[in-house]
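Visitor: With the numbering used here as the guide, the letters of the sequence shown map in order to residues 765 to 1130.
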Amino acid sequence: VVIHNDRELEWAGYSTRVVVGSGVLPQLSACCRDVGGFSRALVVTDAQLAESYAAPVVTALESHGMPAGLAVVPPGDASKSLDQASRLYNHLAKLGVGRDGVVVGVGGGMVTDLAGFVGATWMRGVTTALCPTSLEADIDASIGGKTGVNHSAGKNLIGAFHHPRVVVIDTDCLTTLPDRDLSAGLAESVKHAAISDEPFLAWHEAHAAEILEHDRPCLGELIDRNITIKAHIVARDEREEGGIRALLNFGHTIGHAIEAVCDYRLRHGESVALGMVAECRLASSLGILEPACTSRLSALLEKLHLPTRLHESLDLEAVSAYLRLDKKAVSGTPRFALLKGFGAPVVQSDVPAELIRKAVESILPR
Ligand SMILES: NC(=O)c1ccc[n+]([C@@H]2O[C@H](COP(=O)([O-])OP(=O)(O)OC[C@H]3O[C@@H](n4cnc5c(N)ncnc54)[C@H](O)[C@@H]3O)[C@@H](O)[C@H]2O)c1
Ligand SMILES: [Zn+2]
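As structure tokens, this is what we get:
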């Protein structure tokens, strides 16, 4: 076991202990004991991860005197649903998990969002603990307190803010993560670097090969720096009211539209990569960003095996319609987090529809 970092993140009235390291997965139980212990635990995971990652967590909890049940949902974002949440409430009731219990999520962002939501709502909120296993969950989904499930009218429409008390991130989990998912997660890392930390962007450029080879110290550092960036932004605007947390939407306004219009055939991170490129071009057309920044960002994304241009064509009308209805839209006008430079993001609405269209066109197949 190598611990890369062990720290307490502070939010208004809450704190989250975050442990990052290699081989640290079973430490979840010691962390749970350290924060007071729990009378019972429900461990939630998806079927692909149950044996390799969730079972050892159950064993560890029981060895620390915390009886634990295991609930397995099918893999895939369709399990982020009220139906599955309802099944999990049945598990909690059957196990007798009360206010002194804990809901533990072991998995990617789908599982951490679902388990987080169930923990946020069971008995008006019990303690949650997370063991993220995908890079997306390590550096984004498990940090910041957003939990939720999807509705037929859209993704993440039902949810609650509820910080986990403990997050244990074992970089060894990433060894089994498919390359495509590792790259998809890296899009969020590039996003964090682009909006707040130019030296970290340069770090990605220098370490791309090691990152893609799953070099553990490198991934430990990457995860750690991402958590610092995200936590810093979230702590200043926990409920996304002050316009600061909205800066995390860089690449996501156009990215979400591409993701939806392509019927979720692309990974979220792939859509975000395309969204970042398009939104950089948009910022240049508004005269706020040097075109050289777009080239630098595109080159880095390609180095990390992320797309910077679509392989299929896109219904531009459907994209505009999506942007008008987006959660981030204010009275039908999309809101963007644009770059004025690396480390200098700005939230902007009232962007001419024609410029948005041109920016989206710029990532269409040649
Ligand atoms: N709450 C937030 O702030 C936030 C932020 C970003 C993303 N999200 C949510 O996260 C979800 C996407 O997360 P994701 O990309 O992790 O998806 P996911 O949880 O669906 O995982 C993708 C696939 O990878 C598999 N997997 C996960 N870890 C693995 C491992 N170590 N080895 C092998 N396979 C592994 C899973 O079984 C699944 O099949 C979306 O639902 C998104 O809305 C939430
Ligand atoms: Zn994202």
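Even glycine gets a Cβ: it sits at the ideal position worked out from N, Cα and C. Nothing here was measured: the structure is a model prediction, and the numbers come from that model.
State the DSSP-derived secondary structure class of Arg-980, mapped to helix, strand or coil.
Guide: Helix, per DSSP.
Visitor: Nearest-angstrom Cα distance between Ser-1035 and Gly-1006?
Guide: 26 Å
Visitor: Let me check you understand the geometry: is the CB of Ala-905 closer than 7 Å to at least one non-hydrogen atom of ligand 1?
Guide: Yes, since a heavy atom of ligand 1 falls inside the 7 Å radius drawn around the Cβ of Ala-905.
Visitor: May I ask you to report which of helix, strand or coil DSSP gives Val-1083?
Guide: helix
Visitor: In this structure, what does DSSP give as the bridge partners for Thr-809?
Guide: Val-836, Val-870
Visitor: Starting from Gly-949, trace the alpha helix (DSSP H) both ways and give me its first and last residue.
Guide: In this chain, the alpha helix (DSSP H) harbouring Gly-949 covers 943-960.
Visitor: Relative to the C-alpha of Ser-947, which candidate in Ser-850, Lys-1104, Leu-1065 has its C-alpha closest?
Guide: The alpha carbon of Ser-947 has as its nearest neighbour, out of Ser-850, Lys-1104, Leu-1065, the alpha carbon of Leu-1065.
Visitor: Is any non-hydrogen atom of ligand 1 found closer than 7 Å to the C-beta of Asp-877, if you look at the structure I gave you?
Guide: yes
Visitor: List the endpoints of the continuous beta strand (DSSP E) containing Ala-903.
Guide: Position check: residue 903 holds Ile in this sequence, whereas Ala was assumed. Per DSSP, Ile-903 belongs to no beta strand (DSSP E) and is neither H nor E.
Visitor: Just reading off the beta strand (DSSP E) that Ile-933 is part of, what are its end residues?
Guide: Here the beta strand (DSSP E) through Ile-933 covers 930-934.
Visitor: At the level of alpha carbons, what is the spacing between His-978 and Leu-773?
Guide: Cα to Cα, His-978 sits roughly 26 Å from Leu-773.
Visitor: Which residue from Asp-961, Lys-1104, Asp-798, Cys-982 puts its Cα closest to that of Thr-1058?
Guide: Lys-1104
Visitor: Let's see if you can read the secondary structure: which residues bound the alpha helix (DSSP H) around Pro-820?
Guide: 819-827
Visitor: Which one or two residues does DSSP pair with Gln-848 in a beta bridge?
Guide: Paired residue(s): none; Gln-848 is not in a bridge.
Visitor: Cα separation between Val-784 and Thr-823?
Guide: 20 Å
Visitor: For the segment 773-799, which segments carrying the beta strand (DSSP E) assignment without a break, of at least 3 residues, lie completely within its bounds, in sequence order?
Guide: 778-786
Visitor: Val-866 and Thr-885: beta carbons closer than 8 Å?
Guide: no
Visitor: My output table needs one value for Lys-1067: the three-state DSSP class, helix, strand or coil.
Guide: helix
Visitor: Between Lys-1067 and the rest of its own chain, which residues show a CB-CB distance below 6 Å, the 5 nearest in sequence each way excluded?
Guide: Ala-972
Visitor: Note down, one range per segment and in chain order, each alpha helix (DSSP H) of at least 4 residues found wholly within the segment 965-1023.
Guide: 980-1000
Visitor: For Leu-1078, which three-state DSSP category applies?
Guide: coil
Visitor: Measure the C-alpha to C-alpha separation of Pro-820 and Glu-1118 and round it to an integer number of angstroms.
Guide: 54 Å
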